Amino acid sequence: MRSDANIAGPMTDPVPGPRTESMGADVSRETPPPMDDTPIGRAAQLAVEALGRAGEGLPRPEQTRVIVVANQKGGVGKTTTTVNLAASLALHGGRVLVIDLDPQGNASTALGIDHHADVPSIYDVLVESKPLAEVVQPVPDVEGLFCAPATIDLAGAEIELVSLVARESRLQRAIQAYEQPLDYVLIDCPPSLGLLTVNALVAGQEVLIPIQCEYYALEGLGQLLRNVDLVRGHLNPTLHVSTILLTMYDGRTRLASQVAEEVRTHFGDEVLRTSIPRSVRISEAPSYGQTVLTYDPGSSGALSYLEAAREIALKGVGVGYDASQAHVGAQNDPSMVEGIQ
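Reminder that position 317 of the sequence shown reads as 317 in UniProt numbering, one-by-one numbering, no gaps.
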């Protein structure tokens, strides 16, 4: 497996959508119409900005970055973060693979991937040693994005893996044997610290931890960090926590600001400057088999994930992130907590 900068470049029309005859040659994209003060007008302007930002190319990593998205605490936006960051990185021009390690298969659903019981899945890779290439599917509507789906069979994999040789490193070997060039692999872990999560930690170099800006946000995080230390000490010396992403941020509440401050104090530069707002559109998108990037590209949730992906990409090549260049909607403006977007 390798990363090939010649495979994918910046995309000129990253989010497919209907085109009408009214889009004539006299309509200039260089000079957008003035910002309308109405909510609909503002959303339209944000959609234009989102599409423009998505088309910008980002530095490509020299080697494939394998990022494990983990937090054994449920309801923190782990799967949502996995699929939307993956889509954002793909829209920025990268080739991205999402590996769904959660038996519920929510990441597969959100990406519009078929994952009924008979579909070749990540279970077959882990337990039956099927090549990863035989289960990977392209994601509809997002060029350069792929998914290795999870099916209900994965629910029994924890028990079946116990008796297998090299049970902790089966996913690592499958990824290493995957010959298609990739820039990023994002692994969506189940909300537990069992063998599936251990396989992910052995396979990855980086851990991304989503933390919701709510009470008890850091509850249970210590055990995850201890497991990361154990895996690094015994199975994967390159593993490290590279990124903390604050999710469900509501700038109207003092609690969200206090949690964000506490997390930034504890983790420092590992915390992304961009936080993900609490968003109706982010919650709605999976029910339509879409990420928020294709469901509503002008929403504050879409803009925030695009900006977070930009930070992650720049961080990976050692380039500083300039927050002053962030587009509207990605920097925790309290007014952008969505009621209608």
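Every residue, glycine too, gets a C-beta built ideally from N, C-alpha and C.
Note that the coordinates shown come from a computational prediction; the quantities given were computed from them, not determined experimentally.
At a Cβ-Cβ threshold of 7 Å, V271 and R278 do not count as neighbours. Residue pairing from DSSP places T243 in a beta bridge opposite L208.
With respect to the C-alpha of Y249, the residue from V83, V202, V76 and Y288 having the closest C-alpha is V76. Judged by DSSP in its simplified three-state form, V198 adopts helix. Of all alpha-carbon atoms in G93, Y178 and H116, the one lying nearest the alpha-carbon of G144 is that of G93. Here I99 carries a strand assignment [DSSP, helix/strand/coil]. L145 carries a strand assignment under DSSP once its states are collapsed to helix, strand and coil. Across the structure, V185 and L58 are spaced so that their CA atoms are roughly 16 Å apart.
A residue is called buried once 16 or more other Cβ atoms fall within 10 Å of its Cβ, and T291 is buried on that count. For R252, the number of other beta carbons within 10 angstroms of its own is below 16, and it is reported as exposed. Taking a C-beta distance under 7 Å as the contact criterion, P181 and T81 do not qualify as a contact pair. Sequence-distant Cβ neighbours of L154 in its own chain, meaning closer than 6 Å and more than five residues away, are P103 and Y123. Residues of the same chain with a CB within less than 7 Å of the CB of T238, apart from the 5 flanking positions on each side, are Q205 in chain order. Under the Cβ criterion (8 Å, minimum of three pairs), the region 133 to 140 does not count as touching the region 219 to 238.
Secondary structure note for L225: it is in no beta strand (DSSP E), and the uninterrupted alpha helix (DSSP H) holding it is L221 to H234. Under the DSSP assignment, I67 falls in the beta strand (DSSP E) whose first and last residues are R65 to V69.
A check of alpha carbon separations from S163 across D296, L126, V139 and S299 identifies L126 as the nearest. When C-alpha distances from A148 are compared across R281, I187, N84 and L208, the shortest belongs to I187.
Residue pairing by DSSP puts P277 in a beta bridge opposite Y249. Only residues of its own chain outside the window of five on either side were considered, and among them L201, V207, L239 and V241 have a CB closer than 7 Å to the CB of V228, listed in chain order.
When the five nearest sequence neighbours on each side are left out, the beta carbons in the same chain lying within less than 8 Å of the beta carbon of E168 are those of L195, V198, N199, V202 and L235, in order along the chain. Straight across, the Cα-Cα distance linking P140 with I113 is about 8 Å.
The closest CA to that of S108, considering only R226, I312 and Y288, is found on Y288. Judged by DSSP secondary structure, I187 falls within the beta strand (DSSP E) whose first and last residues are Y184 to D188.
In the displayed model, P138 falls within a strand according to three-state DSSP. Bridge pairing for V271: I244 [DSSP].
Bounds of the alpha helix (DSSP H) holding T81 are K78 to L91. In this model, G156 and K315 are separated by some 37 Å (Cα to Cα).
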